Each structure stands twice: as C-alpha cells, then as structure tokens.
Amino acid sequence: MQKAKLAIILPAYNEEECIEDTSERLLAIMEVLQKENLISNESFLFWVDDGSNDNTWNLIEKLHNTNFEKIKGIKFSKNFGNQKAILAGLFEGFKYGADCFISIDADLQQDEFKIKEFIQKYQNGAKIVAGIRNNRKTDGIIKKAAALLFYKLMNLMGVNLTVNHSDYRLVSREAVQALQKFPETNLFLRGIFNELGFKKDYVYFDVKQRKYGKTKFTNEKLFTLAISGITSFSIVPLRFVSSLGVLMSIVSFFVGLSAMWEKVVNHTTIPGWATIIVTVGFVGGIQILCTGIIGEYLGQLFQEVKARPRYIIEKEL
Ligand code: UDP
Ligand code: MG
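All letters in the sequence shown, in the order written, are residues 121 to 437 by the working numbering.
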C-alpha cells in the first residue's frame, strides 16, 4: 500500500485561541498515522488565515518557524469567507504535491480522531470522503431549524445533497484537479463535490462543543451560504416563479369573468372593497417575492460575469 502524503486544511478566521492547541493535537495524530504507515512523513498542516484581525497569522508564522516542514500556511488579504478559505487550501496545498487533503474546522469541533477513518477509506479507493454529522446537539434551535429547512428545500429542488454533510471531508488529488476546472466565483463546496463524480465514501462523526472563542459563522454568513447554495445549484425557484405567474393569470381571468357576470347578468354592483384590497395586497406580495427570487439569481450572475478572483493571497509560508 502506497503511503499518502496528507495535507490537513485549516480555515481560520480570528482563531488566535486555538491555533497552537489545534496544531499540536493534529500533529500528534499525524505522527500516529505515520507510525502506522498510513500517511507519509511529508504530510503537513496547511493553515488558511481568512483575513483575521487578531493574532492568528502571527501564531501561524511562529509555528511555521519552529516546524517549517509540517506547518505551512497562507494569509488572505481580507475576509473572503470559509468556502474560499477551504478552496484556497486545496489549490495552494496542491502545489506542494499532497496526494489527499482533509479540511477540518480550526476549532476542532469535528472529531479529529476520525482522520484515520478518512484515510482508510481513501486507501480503499474512495476519491472523496464526506464527513457526516451524527447530530446537531451543539447547534442552537434556530440554526438547527434553518439547517433542516435548507436540506429539505435543496432536496425538493432536485439538488443532490447529503443531509448533515459538513466541510469536514477528504478530497484526493484527482478530485482537486477536477475542481480546478470549475471557474465559478461562488463555489458551494458541499454541492460541487457531488457533481464531480469519482468514488465516494462517508465517515460519521460527533460534533463537540467549541473549546475556545465563539462561532465565526454569523447568521448573516450562514444565510449567504444557503442562498448561494440554492442559486448556484438549482433553477427550480425560477420555474416556481413562472408557474406562479401562470397560475395567478388563470385565477385572475376567472375572477374577472365572475365580476363581469355579476355586473352584466345580475346587475349587482359589488361592494367588495375588502376583496379588492386583499387581492391587490396578495398579488403585490407575490410579485415582490418573485422579483426578489429573480433578483437573487441576477445577483449571482452579476458576480459570476465579473469573474473576479476568488481570493487574494497576501502572505505565504
Ligand atoms: N471561518 C473562516 N472564515 C469565516 C468564518 C469562519 O475561515 O468567515 C472558519 C472558522 O475559523 C472555522 C470554520 O470556518 O475554522 C468554521 O467556523 P465556526 O467554527 O465559527 O462555525 P460553526 O462551527 O459555529 O458552524
Ligand atoms: Mg466551529
């Protein structure tokens, strides 16, 4: 069995409390895996500082200086978001010739001892190994409900997404090479890895409480991620808009017909102020909603058309 050169990708945004502890814990795991002949001695940690404004980068640099072969990293010029950080980790780590990559959160909320299982599945031929959360115990009620709604919606819209999928995953060199052919600015990684093909496998893990600091995923960031997931993978909402338009026209045709009937045949003048107000309000609301949905796609298109760089690297170790 060929020993794999592993790169562990760690996106970090203002994570000064955990850089050292996380590095230490992961290096220890890598050492064990090296002894077990599962990974090669050239395996390394790859930190991606997503434009932090705390001590994150200094700590990464310090660690690199004590152990430059095992700890590498890049720093973004500003906060580009966790998806871009993972992507950059894969693309930049690729240049160091890694055979496989595992992305994991810097706070190690995801069970790091499962790394071995990821590697074993890779050794057994899987090119993409997705981490699936066993539970959402650590999430608040709103986050839990939002996640459930998101996965339900995505499945309804025909997007092939695995429920409770996370960004804790192993990707082989071949898969990263394939990923480089996707020029989209807004990549929704959980979706794109299902599009690539390749042999897939799954690892189930528990999520722990965050040990240091607090979540860097604000509700706004989560919402943006969800909308980008939807608009980059499904046009069902657009079809829904046009179907709704057709339906509304049919309904209003019959409403018009009945109004004519009342006037011409029954000669009753309708006192229906309430009906009119309700209808106008209802139709108006639907129109605004539909315009909004179209607007989301337009926004997505706007960003894609500009084809701006996905991230900008300021420093590299
Ligand atoms: N993260 C990032 N950029 C951001 C937000 C988060 O690189 O803009 C990183 C963060 O440092 C962590 C990972 O993404 O390594 C997951 O974030 P977090 O633990 O805050 O999210 P949660 O576990 O609460 O969903
Ligand atoms: Mg976390």
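No residue lacks a Cβ here, since even glycine has one placed at the ideal position from N, Cα and C. Everything numeric in this text was worked out from a predicted model, so none of it was measured.
Query - Contact belief for phenylalanine 318 with alanine 295 at Cβ below 8 Å, rounded distance in angstroms - result: Here residue 318 corresponds to residue number 198 of the sequence shown, with the count starting at 1. Here residue 295 corresponds to residue number 175 of the sequence shown, with the count starting at 1. Right, their Cβ atoms sit about 6 Å apart.
Query raised in the report: Based on Cα-Cα distance, which residue from Leu228, Glu436 and Arg310 lies nearest to glutamate 140?
Result: The count along the sequence shown starts at 1 and reaches residue 140 at position 20. Nearest C-alpha to glutamate 140: Leu228.
Query raised in the report: According to DSSP, is cysteine 138 helix, strand or coil?
Result: As a working mapping, residue 138 is identified with position 18 in the sequence shown. Cysteine 138 falls in the coil class under three-state DSSP.
**Report entry** histidine 285 to isoleucine 397 span [Cα, whole Å]
**Finding:** Translated into positions along the sequence shown, residue 285 becomes position 165. Translated into positions along the sequence shown, residue 397 becomes position 277. Taking the straight line from one Cα to the other gives about 45 Å.
Query raised in the report: Which whole-angstrom value is the C-beta distance of glutamine 154 and asparagine 306, which I expect to be below 8 Å?
Result: For the purposes of this step, residue 154 is taken as the residue at position 34 of the sequence shown. For the purposes of this step, residue 306 is taken as the residue at position 186 of the sequence shown. With a Cβ gap of about 37 Å, glutamine 154 and asparagine 306 do not count as contacting.
Query - Rounded distance between the beta-carbons of valine 291 and isoleucine 235, thought under 8 Å - result: Counting from 1 along the sequence shown, the entry for residue 235 is found at position 115. Counting from 1 along the sequence shown, the entry for residue 291 is found at position 171. No, isoleucine 235 and valine 291 are not in contact; Cβ-Cβ is about 13 Å, not under 8 Å.
**Report entry** Continuous alpha helix (DSSP H) stretch holding glutamate 434: start and end
**Finding:** Counting from 1 along the sequence shown, the entry for residue 434 is found at position 314. Here glutamate 434 belongs to no alpha helix (DSSP H); instead the beta strand (DSSP E) covers 433-436.
Query raised in the report: Would the beta-carbon of lysine 257 be found less than 7 Å away from any heavy atom of ligand 4?
Result: Of the ligands one can find in the structure shown, namely ligand 1 and ligand 2, none is ligand 4.
Requested in this report: For my contact list, serine 163 and methionine 150 are in at a C-beta cut-off of 8 Å; report their separation, rounded to the angstrom.
Outcome: Mapped onto the sequence shown, residue 163 falls at position 43. Mapped onto the sequence shown, residue 150 falls at position 30. Between methionine 150 and serine 163 the Cβ distance is about 5 Å, and since that is below 8 Å, they are a contact.
Report task. Helix, strand or coil for leucine 377, going by three-state DSSP, please let me know. Result -> On the sequence shown, residue 377 is found 257 positions in, with the first residue counted as 1. Three-state result, leucine 377: helix.
Query - Nearest-angstrom Cα separation, counted from glycine 376 out to histidine 387 - result: The residue given as residue 387 occupies position 267 in the sequence shown. The residue given as residue 376 occupies position 256 in the sequence shown. Cα to Cα, histidine 387 sits roughly 15 Å from glycine 376.
Report task. Can you tell me the Cβ-Cβ gap for arginine 289 and alanine 250, rounded? I've got them flagged as a contact below 8 Å. Result -> Start at 1 with the first residue of the sequence shown, and residue 289 comes out as number 169. Start at 1 with the first residue of the sequence shown, and residue 250 comes out as number 130. Contact flag correct, Cβ pair sits at about 5 Å.
**Report entry** Classification of asparagine 244 by the beta-carbon crowding that lies within 10 angstroms, buried from 16 upward
**Finding:** Along the sequence shown, read from residue 1 onward, the residue named residue 244 stands at position 124. Exposed, because fewer than 16 other Cβ atoms sit within 10 Å of the Cβ of asparagine 244.
Query - Straight-line gap, phenylalanine 221 to leucine 126 (C-alpha atoms, nearest Å) - result: The residue you call residue 221 lines up with position 101 of the sequence shown. The residue you call residue 126 lines up with position 6 of the sequence shown. Taking the straight line joining both Cα atoms gives about 6 Å.
Query - isoleucine 355, DSSP secondary structure in three states - result: If you number the sequence shown from 1, residue 355 lands on position 235. Coil, per DSSP.
Query raised in the report: Does DSSP put histidine 387 in a helix, in a strand, or in coil?
Result: Numbered from its first residue, the sequence shown carries residue 387 at position 267. Coil at histidine 387, not helix or strand.
Query raised in the report: How many angstroms separate the CA atom of glycine 193 from the CA atom of glutamate 436?
Result: The sequence position of residue 193 within the sequence shown is 73, counting from 1. The sequence position of residue 436 within the sequence shown is 316, counting from 1. Near 6 Å, if we compare the C-alpha coordinates of glutamate 436 and glycine 193.
Query raised in the report: Near isoleucine 191, what residues of its chain come up, given a Cβ to Cβ distance below 6 Å and the 5 sequence neighbours on each side ignored?
Result: Residue numbering aside, residue 191 sits at position 71 when the sequence shown is read from its first letter. Once the five neighbours on either side are set aside, the close Cβ partners of isoleucine 191 are Leu165, Leu183 and His184.
Requested in this report: For the alpha helix (DSSP H) containing glycine 260, list its first residue and its last residue.
Outcome: Position 140 of the sequence shown, counting from 1, holds the residue named residue 260. Looking at the DSSP string, glycine 260 is not in any alpha helix (DSSP H), and its letter there is neither H nor E.
Report task. Using a threshold of 8 Å, state whether the C-beta atoms of glutamate 232 and isoleucine 224 are closer than that. Result -> For the purposes of this step, residue 232 is identified with residue 112 of the sequence shown, where counting begins at 1. For the purposes of this step, residue 224 is identified with residue 104 of the sequence shown, where counting begins at 1. Yes, they are a contact pair.
Query raised in the report: At which residues does the beta strand (DSSP E) containing glycine 251 begin and terminate?
Result: Within the sequence shown, numbered from 1, the residue matching residue 251 stands at position 131. First-last of the beta strand (DSSP E) with glycine 251: 248-253.
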